[in-house]
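Note sheet for the following structure.
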Amino acid sequence: MSRPVRTSVAHPAYWAPVLVLLVVLGVLWQLGAHRMPYLLPPLPDVWSALKGDPGYFLHNSWVTLREALLGLVIGFVAAFSLAILISEVNIARRAVMPVAVVLNVTPLVAIAPALVVAFGFGPAPKLILTALICFFPILINASVGLRSVPVPVLQVFRSVHASRWEVLRHLRIPGSLEYVFAALQIVFPLSIVGAVVAELSAAGSADGLGTVIQVASSMNRLATVWAAIFVLALMGSLLLLLVTVVERRALRWHGSR
Amino acid sequence: MTGAAIDLHGIGRVHDDETRVVALDGVDLSIPVGRFVSVIGPSGCGKSTLLRIVAGLEEPDAGTVTVCGTTPAQAAEEKRLGLVPQQPALLPWLTVLGNVSLPAKVNRRHNREPLPDMRELLRRAGLGDAMHQRPAQLSGGMRQRVAIVRAFGLQPDVLLLDEPFSALDEFTREAQQQELLDLWEERGATVLFVTHSILEAVRLSDTVVVMAPRPGRIVDIVDIDLPRPRTQELIRSPEFHGYELTLRERLRDAFEQDGHEVAS
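These protein sequences, in sequence, are chains A and B. Take the position in the first sequence, starting the count at 1, then add 95; the result is the number in our numbering. Take the position in the second sequence, starting the count at 1, then add 5; the result is the number in our numbering.
This is the structure in structure tokens:
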């Protein structure tokens, strides 16, 4: 209960520092854009690129967002199922963990071109890459979370002959949520990285913000490139905000600790 | 059922780890149905190991264990055991009511019908107002009380408590002891209570089992012939002090036999 007094979001002390920084950055950007037009486009140009064809950006954002989220769901289901398996079966754990670690140290974005060769310009390589990128953080966090139930709690449930499934359902899975949400905080922004990198590698794709960037930069349309980048940044921030809000609600018990 | 709720014969147990410490050696103990029995002894005397063996959480290397006329595993399967570990072991994401109700949701087939009204039981234990709070919002004493209510909610034949009050301050501990006695007198159960407090053992028990370490063994069994309820007046009586002194001496003897680590 002895939480420090939190500054209200509406209070200037809360939003003023970041606003000042943004203004400074904006001014620096404009100065740079005027001296070196090939380095940065002037911000008004970026804005008019966005405003000129909002439908175009909206459509391509939706494509990228869909790839990111769908890939994330696939990665999540695969990683969480595997986490349950390796937390229950020791042999599976010994088999899977070294492979998973190698997968993690491999720069997965490097396999994007290979995926495009194998699966073409459709959504498949984007979903696969996104799922792969999201896989490892979820696997690790979930398997730690699933094993985080304190021994005395397990003993109480063993003393009433709780089955493996009951322990999993009542203790391990709810106990892992805290860890799973920590993974989601990492993985939601990563999912966009996966989708965009796959789009960038598939030069023949029809749409998606990565494709927008690819096409516009080949035509030196810097304003459009940056408009797409800003949209991606906004998208990532909104996803992160979403996870945080859901986490706060789901782990309300945790905050009162 | 036979007269004994818990029957131990020639129990031996060596720790699995590299120390190979003999945790228990030749332990015989028979606890009649409905008795409140405390096990007291210095750390390392195997009292907690003994409790875990009765709970079926650990297998003895030698000897036989009978709980409610059957094996500990079978007794656990039939939900005849209630376990209260050293820490309350509550689930932080469930309310107090959710926590005490959870054991009835696992291994349902063996629930002992009719199930007690957990709300009523919580109210009886002075936790009526805390029912919908989460463990983090409660004091240490209240949390431990929740763990005890959870165990009683199973309507166990045998209740196993492993130093449940050791982390509490003196005043809280006394109140908790009273709560435990009230519940026990009302609900009945054979109790095996592990403690390292002499006062606690004398206050609560019908019988106190004194253990010594290296190897873990029983050195004495003392019946406490004091009337119940054990009021404050009784605790201050010479008879009560007599029992405390007796136990203190037996514990000291156990230490002196062991080596020269006499408690200073």
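Every residue gets a Cβ at the ideal spot worked out from N, C-alpha and C, and that includes glycine. Source: prediction; values computed, not measured.
Compute the Euclidean distance between the alpha carbons of residue i and residue j, then round it to the nearest angstrom.
| i | j | result |
| --- | --- | --- |
| Pro132 of chain A | Glu342 of chain A | 43 Å |
| Glu64 of chain B | Ile58 of chain B | 6 Å |
| Gly193 of chain B | Arg18 of chain B | 30 Å |
| Ile223 of chain A | Val275 of chain A | 21 Å |
| Val291 of chain A | His265 of chain A | 38 Å |
| Thr339 of chain A | Arg139 of chain B | 22 Å |
| Gly150 of chain A | Trp157 of chain A | 10 Å |
| Leu34 of chain B | Gly51 of chain B | 14 Å |
| Gly289 of chain A | Ala67 of chain B | 59 Å |
| Gly305 of chain A | Ala311 of chain A | 10 Å |
| Pro220 of chain A | Ala237 of chain A | 25 Å |
| Phe170 of chain B | Gln149 of chain B | 8 Å |
| Leu188 of chain B | Ala190 of chain A | 50 Å |
| Val213 of chain B | Asp225 of chain B | 8 Å |
| Thr69 of chain B | Leu13 of chain B | 6 Å |
| Arg188 of chain A | Gly147 of chain A | 54 Å |
| Met216 of chain B | Leu29 of chain B | 10 Å |
| Leu62 of chain B | Leu197 of chain B | 15 Å |
| Val119 of chain A | Pro112 of chain A | 11 Å |
| Asp162 of chain B | Arg85 of chain B | 5 Å |
| Gln183 of chain B | Val227 of chain B | 22 Å |
| Val244 of chain A | Gly270 of chain A | 7 Å |
| His246 of chain B | Val199 of chain B | 20 Å |
Can you tell which of the options has the C-alpha that lies nearest to the C-alpha of residue i?
| i | options | result |
| --- | --- | --- |
| Arg222 of chain B | B:Ile11, B:Gly15, B:Ala9, B:Thr76 | B:Gly15 |
| Glu191 of chain B | B:Phe170, B:Asp211, B:Ala130, B:Glu168 | B:Ala130 |
| Ile11 of chain B | B:Gly103, B:Thr75, B:Val215 | B:Thr75 |
| Phe216 of chain A | A:Glu294, A:Val113, A:Asn315, A:His106 | A:Glu294 |
| Ala277 of chain A | A:Pro232, A:Asn315, A:Arg316, A:Arg242 | A:Pro232 |
| Phe157 of chain B | B:Thr100, B:Val89, B:Glu175 | B:Val89 |
| Leu135 of chain A | A:Val320, A:Val326, A:Trp348 | A:Val320 |
| Val326 of chain A | A:Ala144, A:Ala190, A:Leu203, A:Arg344 | A:Ala144 |
| Cys229 of chain A | A:Val184, A:Asn185, A:Gly270, A:Leu165 | A:Leu165 |
| Leu337 of chain A | A:Ala323, A:Ala318, A:Leu279, A:Ala298 | A:Leu279 |
| Val27 of chain B | B:Pro37, B:Arg40, B:Leu55, B:Gly87 | B:Leu55 |
| Thr177 of chain B | B:Gly103, B:Met147, B:Ala135 | B:Met147 |
| Arg344 of chain A | A:Val196, A:Val262, A:Leu272 | A:Leu272 |
| Leu185 of chain B | B:Glu23, B:Phe41, B:Arg25, B:Asp122 | B:Phe41 |
| Ala9 of chain B | B:Thr200, B:Val38, B:Lys110, B:Ser144 | B:Val38 |
| Ala206 of chain B | B:Ile240, B:Asp174, B:Pro218, B:Arg219 | B:Ile240 |
| Ala347 of chain A | B:Met123, B:Gln142, B:Asp22, B:Ile229 | It should be noted that the sequence gives Arg, not Ala, for residue 347 of chain A. Ranking B:Met123, B:Gln142, B:Asp22, B:Ile229 by Cα distance to Arg347 of chain A puts B:Gln142 first. |
| Pro121 of chain B | B:Leu102, B:His137, B:Asp134 | B:Leu102 |
| Pro232 of chain B | B:Asp211, B:Glu249, B:Thr251, B:Leu250 | B:Asp211 |
Taking 9 Å as the CB-CB cut-off, is residue i touching chain A?
| i | result |
| --- | --- |
| Lys52 of chain B | no |
| His20 of chain B | no |
| Leu64 of chain B | Note on identity: in this sequence residue 64 of chain B is Glu, with Leu being the wrong assignment. Not closer than 9 Å to any Cβ of chain A, the Cβ of Glu64 of chain B fails to qualify, so no. |
| Gly133 of chain B | no |
| Arg235 of chain B | no |
| Ala60 of chain B | yes |
| Arg57 of chain B | yes |
| Glu168 of chain B | no |
| Pro108 of chain B | yes |
| His246 of chain B | no |
| Gly87 of chain B | yes |
| Ala78 of chain B | yes |
| Val267 of chain B | Note that Val267 of chain B has pLDDT 43, beneath the 50 cutoff, so the model's placement of it is unreliable and no number is given. |
| Leu120 of chain B | no |
| Leu185 of chain B | no |
| Ala10 of chain B | no |
| Val111 of chain B | yes |
Please tell me whether residue i has its Cβ less than 9 Å away from any Cβ of chain B.
| i | result |
| --- | --- |
| Ser243 of chain A | no |
| Leu279 of chain A | no |
| Gln309 of chain A | no |
| Glu261 of chain A | yes |
| Gly270 of chain A | yes |
| Leu160 of chain A | no |
| Leu346 of chain A | yes |
| His106 of chain A | no |
| Ser351 of chain A | Reliability of the predicted coordinates at Ser351 of chain A is poor, the pLDDT of 43 falling under 50, and the value obtained from them is presented with this limitation in mind. Cβ-Cβ to chain B under 9 Å: yes for Ser351 of chain A. |
| His265 of chain A | yes |
(message) At 4 residues or longer, what runs of the alpha helix (DSSP H) sit wholly inside the region 61-113 of chain B?
(response) Counting only unbroken stretches of 4 or more residues, the alpha helix (DSSP H) elements lying wholly within the region 61-113 of chain B are 77-82, 101-106, in sequence order.
(request) Taking a Cβ distance cut-off of 7 Å, strictly less, list which residues of the region 190-219 of chain B are near chain A, in chain order. (result) Correct list: empty, as no residue qualifies.
(request) Identify every run of the alpha helix (DSSP H) within the region 246-293 of chain A, keeping only runs that are complete inside it and at least 4 residues long; order them along the chain. (result) Whole alpha helix (DSSP H) segments, 4+ residues: 246-253, 259-262.
(request) Could you name the residues of the region 247-260 of chain A whose beta carbon sits closer than 8 Å to any beta carbon of chain B, in the order they occur along the chain? (result) Against chain B - using a Cβ distance shorter than 8 Å - the residues of the region 247-260 of chain A are Pro247, Val248, Gln250, Val251, Phe252, Arg253, Ser254, Val255, His256, Ala257, Ser258.
(message) Please list, in chain order, the residues of the region 127-159 of chain B that have any C-beta partner in chain A closer than 7 Å.
(response) Result list: Arg139, Ala141, Gln142, Leu159.
(request) Mind listing, in chain order, the continuous alpha helix (DSSP H) runs of no fewer than 4 residues lying wholly within the region 203-262 of chain B? (result) Within the region 203-262 of chain B, the complete alpha helix (DSSP H) runs of at least 4 residues are 203-209, 237-240.
(request) Any chance you could list the alpha helix (DSSP H) runs of at least 4 consecutive residues sitting entirely within the region 135-169 of chain A, in chain order? (result) Here the runs fully enclosed are 138-147.
(request) At 4 residues or longer, and completely inside the region 131-163 of chain B: list those alpha helix (DSSP H) runs for me, N to C. (result) If you keep only unbroken alpha helix (DSSP H) runs of at least 4 residues inside the region 131-163 of chain B, you get 145-157.
(message) For a minimum of 3 consecutive residues, which ranges assigned as the beta strand (DSSP E) are wholly contained in the region 183-254 of chain A?
(response) Within the region 183-254 of chain A, no complete beta strand (DSSP E) run reaches 3 residues.
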